[in-house]
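Engineer: The structure is given below, and queries will be raised subsequently.
See the structure below:
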């Protein structure tokens, strides 16, 4: 589970922004909190948070920061000498910050052990990198890196990791290199980064490549009833679906898709054709029920998004992964957004403690009947400096602010557009 993410000097974040998933001592909605035992300690972690704010406040930049850090970790080991580090964008509205490295840090729990991993980087090289783990209330240093100098505090860890240093490079993360060389110490924290994904936002085009393998898995007996149940509870009249996928020659594919003819030379010789039909049960003009198949692309954007999101949802509930979505409510009704969030907070459904982090404009979520105060975050930008600030509703006093939504819309918490 993600405990905390922080970023500094990245896009609109000049100063450090901290997204904490650690629950406060508040006893409301305890079902929204996962309790993870870590030796003598118990970490109380939120299963979801929602981020609100005006347009252009920097909400998307938080998801871009998550995406950048995750991609750098995952792709680091395939980097070649001289390759540019992807997606590094320091704060541009300050001459000092623009030449300094961007900084990222994750605090997370993997295999019931808490880790702290962070790095700073320019587009050319890794400047600092560190990994700590908690066996008790005090952290144990696994490694600290400053440019090309490495420190190991344990002799055993030094023996395991020091031979890998020569296989690393200035534009590669040591975490990824050590994992590639099967370091037992590093594999667990590295694999955690394979369980967190970002989406910007959820659309059919964004989701299809990610769910194709899940939809085509004939051995997954849970998926079809899960999708059917989710669509029916969302009051969408779809009884079933048919999914087929086959490889076709590019010439045949272009014939069936004339707009792609200009790109035929750029396409691979073999490409995959995916066909999805949605089955609707309707009452015909004779008063009889019959099934009607509709092409997936003819369904509404909201139906497409929900259908393709469903396999990811089931996967998260099964393996405890983390889903981060910008503009989560795009094409989704607010009541449906509420329903999906309640699934994550339902311990009978979310048994593996999956997490959902979203940005949204659905202020219907701003109520203590659904969420805890520490599950509501705000993003506000200083238009004079271009800096974004991230803060939690939990930082404000409860007294006199019982109607959270109303208080937000009249500007009590900031993070709203200043309409003149």
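Numbering (UniProt numbering), first residue to last: 1 to 420.
We treat Cβ as the ideally placed atom computed from N, Cα and C, and that holds for glycine.
1. Mapping the DSSP letters down to three states, classify residue 262 as helix, strand or coil.
2. Whole angstroms is fine: what's the gap from residue 44's alpha carbon to residue 71's?
3. Can you say whether residue 215 is buried or exposed, counting buried as having 16 or more other CB atoms within 10 angstroms of its CB?
4. Looking only at its own chain, which residues have a Cβ that is under 8 Å from the Cβ of residue 164, when we skip the five neighbours before and after it?
5. Identify the residues that DSSP records as bridge partners of residue 379: which are they?
6. Does DSSP classify residue 352 as helix, strand or coil?
7. Over what stretch of residues does the beta strand (DSSP E) that includes residue 105 continue unbroken?
8. Strictly by DSSP, which residues pair up with residue 143?
9. For the pair the region 53-72 and the region 85-98, tell me if three or more CB-CB distances fall below 8 Å.
10. Specify the secondary structure class of residue 408 as computed by DSSP and reduced to three states.
11. What number of angstroms, rounded off, separates the C-alpha of residue 289 from the C-alpha of residue 364?
12. In the DSSP assignment, find the beta strand (DSSP E) that holds residue 44 and state where it starts and stops.
13. What's the call for residue 263, buried or exposed, on a 16-neighbour Cβ count within 10 Å?
14. Tell me whether residue 32 sits in a helix, a strand or coil according to DSSP, three-state version.
15. Taking the alpha-carbon positions, what's the residue 50 to residue 374 distance?
16. If you draw a straight line from the C-alpha of residue 96 to the C-alpha of residue 90, how long is it?
17. State the Cα-Cα distance for the pair residue 15 and residue 101, rounded to the nearest angstrom.
18. Given residue 336, which residues of its chain have a CB within under 6 Å of its CB, disregarding the five upstream and five downstream residues?
19. By a C-beta neighbour count over all protein chains shown, 10 Å radius and 16 as the cutoff for buried, is residue 287 buried or exposed?
20. Measure the C-alpha to C-alpha separation of residue 324 and residue 308 and round it to an integer number of angstroms.
21. Cα separation between residue 248 and residue 318?
22. Using the three-state DSSP reduction, which class does residue 286 fall into: helix, strand or coil?
23. Decide if residue 245 is buried, meaning its Cβ has at least 16 other Cβ atoms within 10 Å, or exposed.
24. Taking 6 Å as the cut-off, is the beta-carbon of residue 23 closer than that to any non-hydrogen atom of the ligand SAH?
25. Can you tell me whether DSSP reads residue 364 as helix, strand or coil?
26. Taking 7 Å as the cut-off, decide whether the C-beta atoms of residue 334 and residue 362 are in contact.
27. Pair every Cβ in the region 378-392 with every Cβ in the region 52-60, then say whether three or more of these pairs are closer than 8 Å.
28. State the DSSP-derived secondary structure class of residue 242, mapped to helix, strand or coil.
29. Among 7, 187, 3, 1, which has the Cα closest to the Cα of residue 388?
Structural biologist: Taking the geometry as given:
1. As a working note, residue 262 is residue 262 in the chain shown. Its pLDDT being 49, under 50, residue 262 is placed unreliably by the model, and the measurement read from it follows with that caveat. Here residue 262 sits in helix by DSSP.
2. Here residue 44 refers to the residue found at position 44 when the chain shown is read from its first residue. Here residue 71 refers to the residue found at position 71 when the chain shown is read from its first residue. Approximately 28 Å between the Cα atoms of the pair.
3. Reading the chain shown from its first residue, position 215 is the one you call residue 215. The residue in question, residue 215, is buried, as its Cβ has 16 or more Cβ neighbours within 10 Å.
4. Numbered from 1 along the chain shown, position 164 holds the residue referred to as residue 164. If we look at residue 164 and ignore the five residues flanking it on each side, its Cβ neighbours are 174, 177, 178, 181, 183.
5. Working through the chain shown from its first residue, we reach residue 379 at position 379. Note: residue 379 sits in a beta bridge opposite 53, 390.
6. Translated into the one-based positions of the chain shown, residue 352 becomes position 352. Here residue 352 sits in coil by DSSP.
7. As a first step, residue 105 must be located in the chain shown, where it is residue number 105. 102-110 is the extent of the beta strand (DSSP E) around residue 105.
8. The residue labelled residue 143 in the question sits at position 143 within the chain shown. DSSP, once it has assigned bridges, lists 131 as partnering residue 143.
9. yes
10. Position 408 of the chain shown, counting from 1, holds the residue named residue 408. Helix.
11. Within the chain shown, numbered from 1, the residue matching residue 289 stands at position 289. Within the chain shown, numbered from 1, the residue matching residue 364 stands at position 364. Between residue 289 and residue 364, the C-alpha separation is close to 37 Å.
12. The count along the chain shown starts at 1 and reaches residue 44 at position 44. Looking at the DSSP string, the run of the beta strand (DSSP E) that includes residue 44 is 41-46.
13. To locate residue 263, count along the chain shown from 1; it is residue 263. The pLDDT assigned to residue 263 is 49, lower than 50, so where the model puts this residue is not dependable, and the model offers no usable value.
14. Position 32 of the chain shown, counted from the start, is the residue given in the question as residue 32. Of the three classes helix, strand and coil, the one that applies to residue 32 here is helix, per DSSP.
15. As a working note, residue 50 is residue 50 in the chain shown. As a working note, residue 374 is residue 374 in the chain shown. One C-alpha to the other measures close to 10 Å.
16. Position 96 of the chain shown, counted from the first residue, corresponds to residue 96. Position 90 of the chain shown, counted from the first residue, corresponds to residue 90. Cα to Cα, the separation comes out at about 10 Å.
17. Within the chain shown, the letter at position 15 stands for residue 15. Within the chain shown, the letter at position 101 stands for residue 101. Between residue 15 and residue 101, the C-alpha separation is close to 12 Å.
18. As a working mapping, residue 336 is identified with position 336 in the chain shown. 234, listed in sequence order.
19. In the chain shown, the residue the question calls residue 287 occupies position 287. Exposed, by the Cβ-count rule.
20. Taking the first residue of the chain shown as 1, we reach residue 324 at position 324. Taking the first residue of the chain shown as 1, we reach residue 308 at position 308. Roughly 15 Å between the two C-alpha positions.
21. Position 248 of the chain shown, counted from the first residue, corresponds to residue 248. Position 318 of the chain shown, counted from the first residue, corresponds to residue 318. Roughly 33 Å separates the two Cα atoms.
22. Locating residue 286 in the chain shown gives position 286, where the first residue counts as 1. In this structure, residue 286 counts as coil in the three-state DSSP scheme.
23. For the purposes of this step, residue 245 is taken as the residue at position 245 of the chain shown. With fewer than 16 other Cβ atoms within 10 Å, it is exposed.
24. What this structure holds is no ligand at all, so the ligand SAH is not there to describe.
25. Position 364 of the chain shown, counted from the first residue, corresponds to residue 364. Reduced to three states, the DSSP call for residue 364 is helix.
26. Here residue 334 is taken as the residue at index 334 of the chain shown, counted from 1. Here residue 362 is taken as the residue at index 362 of the chain shown, counted from 1. Yes, the pair counts as a contact, with Cβ atoms nearer than the cut-off.
27. yes
28. In the chain shown, residue 242 corresponds to position 242, counting from 1. Residue 242: strand per DSSP, three-state reduction.
29. Here residue 388 refers to the residue found at position 388 when the chain shown is read from its first residue. Ranking 7, 187, 3, 1 by Cα distance to residue 388 puts 7 first.
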